[in-house]
Amino acid sequence: MALISVSVGLYVLAYIASYVRYPTLGQELEITSRWCLWIGALISIGTVLAGLYAYNTVKHDAMSHMAMTNHRNWALATASLILLTALWSFLRYRKHKNWSALFLLVLLIIQGMVLATAWRGGELVYRYGLGVMSLPQAEEVGHHHQK
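According to full-length UniProt numbering, the sequence shown is numbered sequentially starting from 1.
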């Protein structure tokens, strides 16, 4: 999903550069951002498949199950929008059409969704401890280290 974030940033820079005195730079940034979006969309398929595998195999309790389902739903919606936007980008490219402010707005929405999904995934690991090895049991309260 990092490529999607890179793509969004490059599209924003391309948009700005095309209106400021650097149209050539804007075109180069657009090419790079287009490739990042397309590759990121393909990679997101594997990411979703790995997430679905984890969703069905990681041991969890009822509370963490709700958080896992929430993360899964966000991930599926985000990945779907990424794939649709990549397809939209590809079709516009094939028809030699320039991208629009609406396209940029959709990318910014995707960026927000990627961040929200990633935060929920982080919560699964750091708040619920899913997918990590358990910590060793402390032998005594506040044991002392050797000096």
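We put the CB at the ideal spot given by N, CA and C, even for glycine.
Cβ distance (whole Å) where residue i is taken to contact residue j below 8 Å
| i | j | result |
| --- | --- | --- |
| Ala-54 | Gly-131 | 6 Å |
| His-71 | Thr-32 | Not quite, the Cβ-Cβ distance comes to about 30 Å (not below 8 Å), so this is no contact. |
| Ser-64 | Tyr-128 | 4 Å |
Residue i and residue j closer than 8 Å at C-beta
| i | j | result |
| --- | --- | --- |
| residue 148 | Leu-52 | The question about residue 148 has no answer, for the chain in this structure spans 1 to 147. |
| Leu-115 | Met-68 | no |
| Tyr-15 | Leu-104 | yes |
| Gly-40 | Ser-89 | no |
| Trp-119 | Ala-86 | no |
| Leu-49 | Leu-29 | no |
Proximity test, residue i beta-carbon vs the ligand NAD heavy atom, cut-off 7 Å
| i | result |
| --- | --- |
| Ala-77 | Looking for the ligand NAD in the displayed structure turns up nothing, as the structure carries no ligands at all. |
Where the alpha helix (DSSP H) through residue i begins and ends
| i | result |
| --- | --- |
| Leu-105 | 101–126 |
| His-65 | 62–94 |
Using 8 Å as the threshold, is the region 58–75 in touch with the region 101–110, meaning 3 or more CB pairs across them? no
Within the chosen definition, does the region 32–51 reach the region 66–84 through at least 3 CB pairs nearer than 8 Å? yes
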